[in-house]
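Residue numbering for the sequence shown follows our numbering, beginning at 62 and increasing consecutively.
C-beta: ideal position from N, C-alpha, C; glycine also.
One structure is given below, encoded as structure tokens.
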Amino acid sequence: MEHDHSADALSQGHGRDAMHQPARRECKENRLLMVAYGTHGDVYPFIALAKALRQEGCHIAFATLPQYRPLVETVGASFVEMVPDSLLASYCASTAAWSAQDGLNTFFDDVLSPLVRPVCDLLVRTGNEYRLVLASVLALGARIAYDVKPFSLVTVCPYPVFFQSIQLPPVQPRVRLGALAVGAVQRTMLRGLDVLTNALVGPPERASRLVISPAASLWKRRLAQRIVLAVGDAALGPAINAVRAEHGLPPVRRVLDRALFSPRNILALFPEWFAPPQADWPSHTVVSSFQDLGDARQAPSPALCEFLSRGDKPVVFTFGSCKQHNASLFATAAAVLLRLNKRGVFVTRNAADIPARLPDFIFHATFEPFPYLFRHAALVVHHAGVGTCADALRAGVPQLLVPFTYDQPDNATRLQRLGVGKIVAPGLFTEEVVAERMQSLLQSAHVRQSCARYAGLLDRQEAENPAVRQILQWLASEQASDFQK
62 MEHDHSADAL SQGHGRDAMH QPARRECKEN RLLMVAYGTH GDVYPFIALA
112 KALRQEGCHI AFATLPQYRP LVETVGASFV EMVPDSLLAS YCASTAAWSA
162 QDGLNTFFDD VLSPLVRPVC DLLVRTGNEY RLVLASVLAL GARIAYDVKP
212 FSLVTVCPYP VFFQSIQLPP VQPRVRLGAL AVGAVQRTML RGLDVLTNAL
262 VGPPERASRL VISPAASLWK RRLAQRIVLA VGDAALGPAI NAVRAEHGLP
312 PVRRVLDRAL FSPRNILALF PEWFAPPQAD WPSHTVVSSF QDLGDARQAP
362 SPALCEFLSR GDKPVVFTFG SCKQHNASLF ATAAAVLLRL NKRGVFVTRN
412 AADIPARLPD FIFHATFEPF PYLFRHAALV VHHAGVGTCA DALRAGVPQL
462 LVPFTYDQPD NATRLQRLGV GKIVAPGLFT EEVVAERMQS LLQSAHVRQS
512 CARYAGLLDR QEAENPAVRQ ILQWLASEQA SDFQK
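Below, the structure written as structure tokens:
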């Protein structure tokens with residue numbers, strides 16, 4: 062289901078005309094800056110927002126990585142370069158980047174930390190030139206720049222895992238604690254904790270999620286949160302506090318609580334039914350919905366359309382737009398399809414991932430528009446990146462979730478709780494396990510009903526585009542003007 066997030070679609074909702082029209086007139090002269098980077102799933106929600114806001118008359122500058130420049134300019138935004146594209150390319154090529162235990166450490170070291178200073182410098186120089194700055198929660202330098210010279214900052218967060226809560230703790234990915242240590246003594250202690258965690262929970266490849274039940278005793282939930290905050294301080298604190306010191310700012314602790322979000326406005330790009338807001342989230346958080354690129358996506362290839370027309374709906378396998386080193390995963394997928402007599406589509410840019418001499422019941426695509434492909438799929442097997450989760454929810458298709466690291470374990474757990482998918486750990490991605498769980502999903506009437514229910518909810522929410530409505534309200538409000546003082 063593609064959506065037209067046009068100005069008319071936004072202004073014709075029941076009872077919304079009076080609210081939209083003043084915002085639309087005022088918005089025509091507004092200049093907004095977006096700051097976002099990462100993989101496709103990290104950046105596409107912001108490009109979708111830029112597209113919709115351009116249709117509302119806003120002028121958008123978009124600071125991101127060079128590989129996204131063509132798409133940024135396609136939606137009518139102006140491109141602002143922050144760093145060379147080699148940063149993301151070298152990170153994606155690393156085997157550690159997608160490891161269940163080392164992926165988070167690698168992302169901290171190779172992506173998040175190096176970009177703190179460029180983002181801060183950009184916004185200290187230019188933040189006050191824009192009516193609003195919409196910065197990804199991953200853009201850690203944005204809050205530092207705000208503390209140096211306040212401007213109209215909105216933190217935009219597509220990932221529920223960043224919202225720490227004792228009431229409903231997010232599911233955390235594994236991390237190698239020993240790699241965060243400073244000094245020999247601390248390193249010895251944290252390596253010991255790694256060994257203990259592996260003994261209690263299991264090796265990361267077989268247990269990539271750290272789940273604290275909301276039914277657990279309060280002291281366990283409090284202890285878990287303290288550990289998560291301590292890991293955040295160890296991983297991100299040095300880079301954040303080094304840049305803060307350069308600007309004469311005091312160091313900050315509990316960075317996951319106090320150094321990620323704007324103190325004024327936070328926009329969560331997911332629906333309430335996916336991640337219900339908790340009383341201990343920041344009180345100025347506005348939850349909206351996922352963002353869809355719509356017609357800004359490329360058209361499906363003729364070869365894909367021809368393959369889809371030749372038989373039953375296939376099972377789609379994809380493990381992330383930038384993830385490499387997937388040969389064993391796709392080899393297992395091919396064996397499962399043969400075993401179950403199913404057709405399949407393998408989506409990866411890396412030809413080395415694909416088994417030689419694919420049978421004619423498997424189609425290899427380097428890149429295809431997921432909304433179109435998923436609508437023609439029987440099942441989607443994926444890594445639980447938030448963008449892929451949203452595309453599969455839109456299509457109303459069951460999901461087999463293989464979370465490796467980052468926000469993936471939390472997203473996968475939320476989908477499993479909704480009844481639209483099942484989880485298999487990367488280390489358990491075997492022919493027997495995958496075949497059994499695929500069959501279970503394909504045969505379940507409850508799963509089909511849940512998929513249809515949430516596809517309908519998402520369709521209605523995205524047609525209204527509450528994120529854009531909220532941004533227009535901020536632009537038109539006295540609060541947005543107060544930011545300029």
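Asked                                                                                                                                                                      : Found
Closest to residue 428 by CA distance: which of 409, 422, 329 is it?                                                                                                       : 409
Measuring CA to CA, which of 388, 363, 328 is closest to residue 156?                                                                                                      : 388
Within this structure, are the beta carbons of residue 481 and residue 515 separated by less than 9 Å?                                                                     : yes
Going residue by residue through the region 422–505, where are the continuous beta strand (DSSP E) segments of at least 3 residues, counting only ones entirely within it? : 423–426, 440–443, 460–462, 482–484
For residue 119, name the three-state secondary structure that DSSP assigns.                                                                                               : coil
Given a cut-off of 9 Å on the beta-carbon distance, is the pair residue 258 and residue 238 in contact?                                                                    : yes
Inspect the beta-carbon positions of residue 485 and residue 468 and report whether they are closer than 9 Å.                                                              : no
Among all the DSSP beta bridges, which residues are the ones paired with residue 530?                                                                                      : DSSP, once it has assigned bridges, lists no residue as partnering residue 530.
Straight-line CA distance for residue 179 to residue 309?                                                                                                                  : 17 Å
Just checking, does the region 391–400 make contact with the region 451–460 on the three C-beta pairs under 8 Å criterion?                                                 : no
Considering only their Cβ atoms, is the gap separating residue 437 from residue 460 smaller than 9 Å?                                                                      : no
Since residue 201 and residue 172 are thought to touch, with beta carbons under 8 Å apart, how far apart are those beta carbons, to the nearest angstrom?                  : Residue 201 to residue 172, Cβ: 10 Å. No contact.
Do you know offhand how far residue 314's Cα is from residue 297's?                                                                                                        : 10 Å
Tell me whether the beta-carbon of residue 162 lies closer than 9 Å to the beta-carbon of residue 266.                                                                     : yes
Give the C-beta separation of residue 103 and residue 195 to the nearest angstrom, bearing in mind that I take them to be a contact with Cβ-Cβ under 8 Å.                  : Wrong, their Cβ atoms sit about 14 Å apart, outside the cutoff.
Just reading off the alpha helix (DSSP H) that residue 187 is part of, what are its end residues?                                                                          : 174–187
Report the start-end ranges of each beta strand (DSSP E) in the region 339–399 that is 3 residues or longer and not cut off at the edges.                                  : 346–348, 376–379
Just to confirm before moving on: does the CB-CB distance between residue 38 and residue 168 stay below 9 Å?                                                               : Given that the chain is displayed from residue 62 to residue 546, the structure contains no residue 38 and the question cannot be resolved.
Which value, in whole angstroms, describes the spacing of the CA atoms of residue 529 and residue 509?                                                                     : 31 Å
Counting beta carbon pairs with one atom in the region 366–377 and one in the region 399–409, are three or more of them shorter than 8 Å?                                  : yes
I need the DSSP call for residue 418, collapsed to helix, strand or coil.                                                                                                  : coil
Name the one or two DSSP bridge partners that residue 270 has.                                                                                                             : 234
Let me know the secondary structure DSSP gives residue 411 once reduced to three states.                                                                                   : coil
Count the other CB atoms, across all protein chains shown, that sit within 10 Å of the CB of residue 366; report buried if there are 16 or more and exposed otherwise.     : exposed
With 16 as the cutoff for other CB atoms within 10 Å, does residue 472 come out buried or exposed?                                                                         : buried
Can you name, in chain order, every residue of its own chain whose Cβ lies under 7 Å from the Cβ of residue 346, other than the five neighbours on each side?              : 327, 329, 338
Is the CB-CB distance between residue 401 and residue 502 below 9 Å?                                                                                                       : no
If you count every other CB in all the chains shown that lies within 10 Å of the CB of residue 244, and 16 or more means buried, which is it?                              : exposed
Take the Cβ of residue 336 as the centre, count every other Cβ of all protein chains shown within 10 Å, and call the residue buried at 16 or more, exposed below.          : buried
For residue 161, report the span of its beta strand (DSSP E) as first-last.                                                                                                : Element bounds for residue 161: n/a, residue is neither H nor E.
For residue 571, write down the residues that DSSP places opposite it in a beta bridge.                                                                                    : Absent from the model: residue 571. The displayed extent of the chain is 62 to 546, so no value can be given.
Between residue 299 and the rest of its own chain, which residues show a CB-CB distance below 6 Å, the 5 nearest in sequence each way excluded?                            : none
Could you have a look at residue 134 and say whether DSSP puts it in helix, strand or coil?                                                                                : helix
Considering only the alpha carbon of each residue, which of 118, 99, 521, 116 lies closest to residue 124?                                                                 : 99
Pick helix, strand or coil for residue 331, following the three-state DSSP scheme.                                                                                         : coil
Since residue 307 is in the alpha helix (DSSP H), which residue starts that stretch and which ends it?                                                                     : 279–307
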